[in-house]
Amino acid sequence: MSGTRTSSTPWYDRRITFVGGLHRSGTALVARIISASPDASGLTGTGAVMDEGQHIQDTFVGNLGNTSEWSFHPQAHLTEEDARRVPDAGARLWASWSPYWDLDAAVLVEKSPPNLTKMRYFQEIFPRARFVVVTRHPIVQALAVRKWATSTRGRFTYGFPRLVEHWVHAHDVFAEDALHIENLLVLRYEHLMREPERELGRVAKFLGIELDTAAIGAVDAGRSNRYAELWRTGGRAELAGRVRSHVGNLGSRRGTPRADLLRDVTDAALLPRYRNVVNEHLGDRIRAHGYDLNALDEATEWAPVVHGTPVILAADRR
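Numbering (the numbering used here), first residue to last: 814 to 1131.
What follows is the structure in structure tokens.
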């Protein structure tokens, strides 16, 4: 036991909700919609990036590096055993986060992407916690975060499969951890864009609160379509025009024309080849998680699958 499972703790009867998922998967959107409910409160005024709880605590190691590599870090995956090694973990996390919540709210929200691989840790500390995980197609997510990657890990296309491997590894860990989680809801970003009322209705029912579905209207649902065309052709159809635009901006302070020019050229040369590499080495694992490499705006309903085998969640075994 972590020493935090008693009714005397100030968080015992709180509905603490952890939102997790890889960067650019929709976690910020979902956390913002939940926190906008009159029945909920997200962390605000922390001074940290995106008001993420991982940055304002000293109980576990947060900010484990690049958004395209963090899940490979040995301290990225935390479980019950890690929580039990720190008997005062609950008190320390509560002291770090509670000043930035409205404690009159029924639901207290903490969103950090690495929560994806820390659910068992948080459940041990906060037994009544709920977890909302957002997943997005691995190719779309990798294309969306590569601007933050290193030059040899996909930023300029070279090494792009490593970004996809990061997605697969993180979701493999999540899938195994999900078997141990009592209160878990998984959202597909693709389904949220297509049927926001239905998906947010699931969230509202799961958390026992009311949500404003109008908040979804500001989202650019078409962005994934642009990524799909880039993945299919490497952007070759638009390459000439984009090169002219970048060359015209060289020497100006508008954007990053040299970097953009390099990425567009390498995309055209390498992305079509990397489609075969990704499919050969990671295709089966991606399909096991419900995604198709040829349909970037589609996803199956989420179901727990470990090593390609369907399994039963802890909540379903009760």
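Cβ atoms here follow ideal geometry from the backbone N, Cα and C, with glycine treated the same way.
Please read all numbers here as calculations on a predicted model, not as lab measurements.
- In the three-state scheme derived from DSSP, where H, G and I count as helix and E and B as strand, Val899 is classed as coil.
- Look at the beta carbons and you see the segment 918 to 938 touching the segment 1012 to 1022: at least three pairs across the two are nearer than 8 Å.
- The alpha helix (DSSP H) runs lying completely inside the segment 1052 to 1116 and spanning 4 residues or more are 1070 to 1101, given in chain order.
- Straight across, the Cα-Cα distance linking Val986 with Asp915 is about 32 Å.
- Looking from the CA of Arg949, the closest CA among Glu865, Leu842 and Arg837 belongs to Arg837.
- Fully enclosed beta strand (DSSP E) runs of no fewer than 3 residues occupy 920 to 924 and 943 to 948 of the segment 903 to 973, in order along the chain.
- With a 10 Å radius around the Cβ and a threshold of 16 neighbouring Cβ atoms, Arg1011 comes out exposed.
- Secondary structure at Leu1000: strand, using DSSP grouped into helix, strand and coil.
- Contact annotation: Asn996 and Arg943 have beta-carbon atoms nearer than 8 Å.
- Non-local beta-carbon contacts of Ala983 in its own chain, meaning distances under 7 Å to residues more than five positions away in sequence, involve Leu835, Ser884, Leu929 and Thr930 in chain order.
- Excluding sequence positions up to five before and after Asp990, its CB lies within less than 6 Å of the CB of Met932 and Arg933, all in the same chain and listed in chain order.
- The beta carbons of Tyr913 and Gly858 sit closer together than 8 Å.
- Taking a C-beta distance under 8 Å as the contact criterion, Leu992 and Gly1047 do not qualify as a contact pair.
- Within the same chain, Cβ atoms closer than 6 Å to the Cβ of Leu1013 are found at Leu1024 and Thr1026, the five residues on either side in sequence being excluded.
- Remark: C-beta atoms of Glu937 and Ala889 do not approach each other more closely than 8 Å.
- The Cβ atoms of Val899 and Leu1000 do not sit closer than 8 Å to each other.
- Taken through DSSP and simplified to helix, strand or coil, Arg837 comes out as coil.
- The segment 846 to 860 and the segment 968 to 981 do not touch, with fewer than 3 CB-CB distances between them shorter than 8 Å.
- Looking at the DSSP output, Ala853 bridges to Val920.
- For the 8 Å CB-CB criterion, Asp1097 and Ala1041 do not form a contact.
- With respect to the 8 Å criterion, Ser854 and Arg959 are not classified as neighbours on the basis of their beta carbons.
- Selection Asn1089, Gly1064 and Val946 evaluated against Ile847 yields Val946 as nearest (Cα-Cα).
- With a beta-carbon spacing of about 6 Å, Trp980 and Ala955 fall inside the 8 Å limit used to define contacts.
- Arg845 carries a helical assignment under DSSP once its states are collapsed to helix, strand and coil.
- Taking a C-beta distance under 8 Å as the contact criterion, Leu1043 and Asp1080 qualify as a contact pair.
- Of the candidates Glu894, Glu1114, Ala1108 and Val1056, Glu1114 places its Cα closest to the Cα of Leu1005.
- DSSP, read as helix, strand or coil, puts Val874 in coil.
- Shown here, Thr1026 sits in a helix according to DSSP, grouped into three states.
- Counting the other CB atoms within 10 Å of its CB gives Pro823 a total below 16, which places it among the exposed residues.
- Under the DSSP assignment, Arg1011 falls in the alpha helix (DSSP H) whose first and last residues are Pro1009 to Leu1020.
- Annotation: Val1091 to Val977 spans about 8 Å, alpha carbon to alpha carbon.
- In the structure shown, Thr830 adopts extended strand secondary structure according to DSSP, grouped into three states.
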